[in-house]
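Undergrad: In the order they appear, the protein sequences are chains A and B. To convert a position in the first sequence, counted from 1, into my numbering, add 2. To convert a position in the second sequence, counted from 1, into my numbering, add 9. Ideal Cβ placement from N, Cα and C applies to all residues, glycine included. Just so it is clear, the structure is predicted and the values come from calculations on it, not from any experiment. Below are the structure tokens for one structure; questions will follow.
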Amino acid sequence: DTAVSQTPKYLVTQMGNDKSIKCEQNLGHDTMYWYKQDSKKFLKIMFSYNNKELIINETVPNRFSPKSPDKAHLNLHINSLELGDSAVYFCASSQDGFYTDTQYFGPGTRLTVL
Amino acid sequence: KNEVEQSPQNLTAQEGEFITINCSYSVGISALHWLQQHPGGGIVSLFMLSSGKKKHGRLIATINIQEKHSSLHITASHPRDSAVYICAVGYDKIIFGKGTRLHILP
């Protein structure tokens with residue numbers, strides 16, 4: 003059983019399109035995250051949700067909108083895709099927050115914007 | 010100056026060697042994480058520390074809050090330990106180091 007899953011694994015799209023990445027965790031965790039890893043392999047946190055409520059929202063363009071329909075899912079919707087959005091996006095979950103608990107990462111979604 | 014600095018950036022060692030990777034940070038923190046990113050891209054959380062020392066198998070992580078420094082040690086290193094090791098600190102925001110690329114030669 004996959005603990006944290008993401009779909010799709012690869013996403014290739016044109017500039018200006020809108021796309022979504024889905025994340026699901028079957029660990030019963032309360033907190034979920036989205037991270038972006040750029041071409042230089044540098045990780046940055048984008049969002050964190052706890053029990054469907056947004057608790058971390060880093061400086062991310064408002065073209066990125068997270069949606070948490072329930073605590074097991076945290077989807078990432080991206081409007082008007084730009085070349086600079088090309089990256090690997092990782093979803094993660096933990097029982098408690100970043101400051102108190104280890105995280106479990108999904109396999110990543112490689113987004114390429116042409 | 011980056012808020013989180015890792016050293017070395019790259020490390021190549023022979024199988025069996027004792028490995029130390031360092032992480033220094035410039036702010037007061039609530040927690041520090043060590044992550045391992047495999048060559049295939051997958052990320053595994055190794056440790057979460059707020060004080061002291063933790064051990065898991067051949068891996069040991071320590072943190073000195075006063076000195077704002079953490080170390081990750083690998084004993085009896087093995088080629089399968091080859092990966093990028095990343096530290097991340099959390100205070101009022103979460104900041105990642107740029108990673109240490111470790112290559113263990115058989």
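Return no unless some Cβ of chain A is closer than 9 Å to the Cβ of B:GLN15.
TA: Position 6 of the second sequence, counted from the first residue, corresponds to residue 15 of chain B. Closer than 9 Å: no.
Undergrad: Just to confirm, is the Cβ distance from B:CYS96 to B:VAL36 under 9 Å?
TA: In the second sequence, residue 96 of chain B corresponds to position 87, counting from 1. In the second sequence, residue 36 of chain B corresponds to position 27, counting from 1. It is not a contact, given that the beta carbons lie outside the stated cut-off.
Undergrad: With 16 as the cutoff for other CB atoms within 10 Å, does A:ALA5 come out buried or exposed?
TA: Working through the first sequence from its first residue, we reach residue 5 of chain A at position 3. It is exposed - the Cβ of A:ALA5 has fewer than 16 other Cβ atoms within 10 Å.
Undergrad: In its own chain, which residues sit with a C-beta less than 8 Å from the C-beta of A:TYR106, not counting the 5 before and 5 after it?
TA: The residue you call residue 106 of chain A lines up with position 104 of the first sequence. So the list reads ALA5, VAL6, GLN27, LEU29, HIS31, ALA94, SER95 and SER96, once near-sequence residues are dropped.
Undergrad: Looking only at its chain, what residues have a beta carbon closer than 6 Å to the beta carbon of A:ASN81, apart from the 5 residues adjacent to it on each side?
TA: On the first sequence, residue 81 of chain A is found 79 positions in, with the first residue counted as 1. Closer than 6 Å at the Cβ level, and outside the excluded window around A:ASN81, lie ASP20 and ARG65.
Undergrad: Look up A:ASP72 in the DSSP assignment and say whether it is helix, strand or coil.
TA: By 1-based counting over the first sequence, the position of residue 72 of chain A is 70. A:ASP72: strand per DSSP, three-state reduction.
Undergrad: Where B:PHE56 and A:LEU56 are concerned, what is the direct C-alpha to C-alpha distance, given to the nearest angstrom?
TA: Taking the second sequence and counting its residues from 1, the one referred to as residue 56 of chain B is at position 47. Taking the first sequence and counting its residues from 1, the one referred to as residue 56 of chain A is at position 54. Taking the straight line joining both Cα atoms gives about 25 Å.
Undergrad: Whose Cβ in chain D lies nearer than 9 Å to the Cβ of B:SER35?
TA: Included in the structure are the protein chains A and B, with no chain D among them.
Undergrad: Going along chain A, which residues have a C-beta under 9 Å from B:SER54?
TA: Residue numbering aside, residue 54 of chain B sits at position 45 when the second sequence is read from its first letter. Result: ALA94, SER96, THR104, GLN105, TYR106 and PHE107.
Undergrad: Span of the beta strand (DSSP E) holding B:GLY61?
TA: Here residue 61 of chain B refers to the residue found at position 52 when the second sequence is read from its first residue. Here the beta strand (DSSP E) through B:GLY61 covers 61-65.
Undergrad: If we cut at 9 Å on Cβ distances, does A:TYR12 have a partner in chain B?
TA: The residue given as residue 12 of chain A occupies position 10 in the first sequence. Not closer than 9 Å to any Cβ of chain B, the Cβ of A:TYR12 fails to qualify, so no.
Undergrad: Below 7 Å on C-beta distance, what does A:GLY30 contact in chain B?
TA: In the first sequence, the residue the question calls residue 30 of chain A occupies position 28. By Cβ distance, chain B contributes nothing, its closest Cβ being about 17 Å from A:GLY30, past 7 Å.
Undergrad: Using DSSP's beta-bridge definition, name the partner residues of B:HIS112.
TA: Along the second sequence, one-based indexing puts residue 112 of chain B at 103. In DSSP, B:HIS112 forms a bridge with B:THR21.
Undergrad: Could you spell out where the beta strand (DSSP E) holding A:ARG112 opens and where it closes?
TA: For the purposes of this step, residue 112 of chain A is taken as the residue at position 110 of the first sequence. It spans 111-115 - the beta strand (DSSP E) in which A:ARG112 sits, taken as one unbroken run.
Undergrad: Does the stretch 84-91 of chain A come into contact with the stretch 33-52 of chain A, if we say contact requires no fewer than three beta-carbon pairs (one atom in each stretch) closer than 8 Å?
TA: A contact exists between the stretch 84-91 of chain A and the stretch 33-52 of chain A.
Undergrad: Would you tell me roughly how many angstroms separate the C-alpha atoms of A:PRO10 and A:MET17, rounded to the nearest one?
TA: For this step, residue 10 of chain A is matched to residue 8 along the first sequence. For this step, residue 17 of chain A is matched to residue 15 along the first sequence. Those two C-alpha atoms are separated by around 18 Å.
Undergrad: Taking only beta carbons into account, state which residues of the stretch 40-51 of chain A come closer than 9 Å to chain B, listed in chain order.
TA: The stretch 40-51 of chain A vs chain B, Cβ under 9 Å: LYS42, LYS43, PHE44, LEU45, LYS46, ILE47 and SER50.
Undergrad: Whose CA, out of B:HIS47, B:PHE105, B:VAL93 and B:VAL53, lies closest to the CA of B:ASN11?
TA: To locate residue 11 of chain B, count along the second sequence from 1; it is residue 2. Answer by Cα proximity: B:PHE105.
Undergrad: Say whether the stretch 25-33 of chain B touches the stretch 81-90 of chain B, bearing in mind that this needs 3 or more beta-carbon pairs closer than 8 Å, one atom from each stretch.
TA: In short, these stretches touch, since the Cβ pair count reaches three.
Undergrad: When you compare only the Cα positions, how much space is there between A:SER22 and A:GLN8?
TA: To locate residue 22 of chain A, count along the first sequence from 1; it is residue 20. To locate residue 8 of chain A, count along the first sequence from 1; it is residue 6. C-alpha separation (whole angstroms): 11 Å.
Undergrad: Tell me B:VAL53's beta-bridge partners as DSSP assigns them.
TA: Residue mapping note: residue 53 of chain B aligns to position 44 of the second sequence, counting from 1. Beta-bridge pairing links B:VAL53 to B:GLN45.
Undergrad: Who are the near neighbours of B:LEU114 in its chain, counting only those whose CB is closer than 6 Å to its CB and skipping five residues on each side?
TA: Residue 114 of chain B sits at position 105 when you count from the first residue of the second sequence. Excluding positions up to five away in sequence, the list reads GLN23.
Undergrad: Smallest Cα separation from A:TYR101: which of B:GLN15, B:TYR94, B:GLY99 and B:LEU111?
TA: Taking the first residue of the first sequence as position 1, residue 101 of chain A is located at position 99. Residue B:GLY99 is the option with its Cα nearest to A:TYR101.
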